[in-house]
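> Quick one: the structure is below, questions incoming.
There are 2 protein chains.
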Amino acid sequence: MKPHEASQCCGPIDDLLDAELFKALGEPTRLKLLSCLAKCGRPCSVTELAECCDVDYSVVSRHLGMLERSGVLSASKEGRTVFYNVRYQHLTDAFRSLAKAIETCRPKCGTKKP
Amino acid sequence: MKPHEASQCCGPIDDLLDAELFKALGEPTRLKLLSCLAKCGRPCSVTELAECCDVDYSVVSRHLGMLERSGVLSASKEGRTVFYNVRYQHLTDAFRSLAKAIETCRPKCGTKKP
DNA sequence: TGCATACATGCGTCATCATGCAAACGTAGT
DNA sequence: ACTACGTTTGCATGATGACGCATGTATGCA
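Here's what the structure looks like:
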C-alpha cells in the first residue's frame with residue numbers, strides 16, 4: 000500500500016494526533032508553566048505562575064489561555080483571581096491512547112502480505 | 000509551596016517535556032506525514048511520502064529531517080533513496096513515561112499539608 | 001465613589017517558520 | 001562521460017507567533 004492510500008488501517012491515530020495540543024506544548028515558556036503547575040500540585044493563579052518565568056504578566060496570561068484552549072489546563076475564577084490547574088486525567092488519557100495507537104501501527108513479526 | 004519554588008518533587012517530568020518533540024509534532028503537514036508513515040506500516044521514501052501532502056518535495060524533505068532530528072522518525076539510505084520509518088518504540092515509551100509522570104504529579108485524595 | 005488588585009486585550013516589533021523555486025549534491029545506469 | 005533520478009540546500013517571501021508596553025475590564029475594599 001502506498002502511503003497516500005493509507006486510510007484507517009490501524010486505529011484512530013489521526014484523531015489522537017492533535018496539532019493544537021502539540022503546538023501548545025512546543026514552546027519552552029508554556030512548557031515551564033505546565034511543569035511548575037504540575038510540580039506544585041494545586042491550582043495556581045496567574046500572578047503566582049508568572050514568577051516561574053521571566054516574561055511579562057500579559058505574556059503569561061496569553062500562554063495560560065492557550066494551554067487552556069488546547070485542553071492542557073483548566074481555569075476557574077474566584078473573585079478577581081483565576082486559578083489554573085493541570086487536566087491530569089485528560090493529559091494522561093491522551094498520551095496513553097496515543098502510545099497505544101502508535102504501538103498498534105507497528106508491524107509485528109510475521110506481518111507480511113500474501 | 001509556591002510554583003516557582005517547585006523543584007523535583009514529583010519525578011523527572013522536566014526531562015520528559017521535550018519542547019523539540021512537541022514542536023515537531025505541532026505542525027499539520029508533519030503530523031500528516033507521520034500519520035501516513037504509521038498507517039503504511041513500513042519504511043517509505045521521500046518521494047512516496049510527498050504524495051501524502053500537497054507541498055513541494057523540498058518541503059517534505061525538510062519536514063522529514065526535522066522529524067528525524069526530534070526523534071520521531073529514523074532514516075536509512077539505500078542507494079539514492081532515503082527511507083524513513085516511525086520510531087515506534089521510542090515514541091510509545093516517551094508518551095507512556097510522560098503519562099505516568101503527569102499522573103504521579105496529580106494530588107491524591109488525602110494529600111494535605113500538616 | 002474612589003482606588004487598588006488581578007487579569008485580559010490591542011498594538012507594534014522582532015524573530016521564527018512554512019513554502020516554492022532554483023540549484024547543487026550524490027548515486028545508478030547506459 | 002553523460003544522463004536520469006532521488007534528495008538536499010540556498011534563497012526570497014509571506015504568515016505565524018512570542019514579547020513588552022499600554023490600556024481596558026472586572027472584582028474587592030475603604
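Line by line, the protein sequences are chains Y and R. Count the first sequence with numbering that gives the first Met the number 0 and you get residues 0 to 113, in order. Count the second sequence with numbering that gives the first Met the number 0 and you get residues 0 to 113, in order. All C-beta atoms in this analysis are idealised placements derived from N, C-alpha and C, irrespective of residue type, glycine included. Predicted model only: the values in this text are computed from it and were never measured.
(1) Residue 91 of chain R CB to nearest chain Y CB: under 7 Å?
(2) Report the residue from Y/73, Y/93, Y/102, Y/91 whose alpha carbon sits nearest the alpha carbon of residue 84 of chain Y.
(3) Is it true that the CB of residue 100 of chain R sits closer than 7 Å to the CB of residue 94 of chain Y?
(4) Give the DSSP-derived three-state secondary structure of residue 58 of chain R in the structure shown.
(5) Taking a Cβ distance cut-off of 8 Å, strictly less, list which residues of the region 26-43 of chain R are near chain Y, in chain order.
(6) Does the count of Cβ pairs from the region 23-37 of chain R and the region 28-39 of chain Y closer than 8 Å reach three?
(7) Ignoring anything shorter than 4 residues or poking outside the region 6-82 of chain R, list the alpha helix (DSSP H) runs there in chain order.
(8) Examine chain Y for any beta-carbon lying closer than 7 Å to the beta-carbon of residue 77 of chain R, and answer yes or no.
(9) Determine, using beta carbons only, whether residue 89 of chain Y and residue 70 of chain Y come nearer to each other than 7 Å.
(10) When burial is assigned at 16 or more other CB atoms within 10 Å of the CB, is residue 75 of chain R buried or exposed?
(11) Using the beta-carbon of each residue, which ones in chain R are nearer than 9 Å to residue 14 of chain Y?
(12) Please identify the residue among R/103, R/68, R/43, R/105 whose C-alpha is closest to the C-alpha of residue 18 of chain R.
(13) Whole angstroms are fine: how far does the CA of residue 87 of chain R sit from the CA of residue 13 of chain Y?
(14) Taking 7 Å as the CB-CB limit, is residue 95 of chain Y close to chain R?
(15) Are residue 25 of chain Y and residue 78 of chain R close, meaning C-beta to C-beta below 7 Å?
(16) Quick one: what's got a C-beta closer than 8 Å to residue 66 of chain R's C-beta in the same chain, skipping five residues either side?
(17) For residue 24 of chain Y, return the contacting residues in chain R, with the cut-off set at a CB-CB distance below 8 Å.
(18) Find out if the Cβ-Cβ distance for the pair residue 45 of chain Y, residue 60 of chain Y is shorter than 7 Å.
(19) Where does residue 91 of chain R land, buried or exposed, given buried means 16+ other C-beta within 10 angstroms?
(20) If we count the other Cβ atoms within 10 Å of its Cβ and call it buried at 16 or more, is residue 38 of chain Y buried or exposed?
(21) When you compare the CB of residue 106 of chain R with every CB in chain Y, is at least one pair closer than 7 Å?
(22) Taking the alpha carbon of residue 20 of chain R as the reference point, which residue from R/62, R/40, R/35, R/36 has its own alpha carbon closest?
According to the structure shown:
(1) yes
(2) Y/73
(3) no
(4) helix
(5) 26, 27, 30, 33, 34, 35, 36, 37, 38, 39, 40, 41, 43
(6) no
(7) 12-15, 18-24, 27-39, 45-49, 56-68
(8) no
(9) yes
(10) exposed
(11) Under the 9 Å cutoff, chain R gives no residues; its nearest Cβ is about 10 Å from residue 14 of chain Y.
(12) R/68
(13) 16 Å
(14) yes
(15) no
(16) 23, 29, 32, 33, 72, 83
(17) 16, 18, 21, 25
(18) yes
(19) buried
(20) buried
(21) yes
(22) R/62
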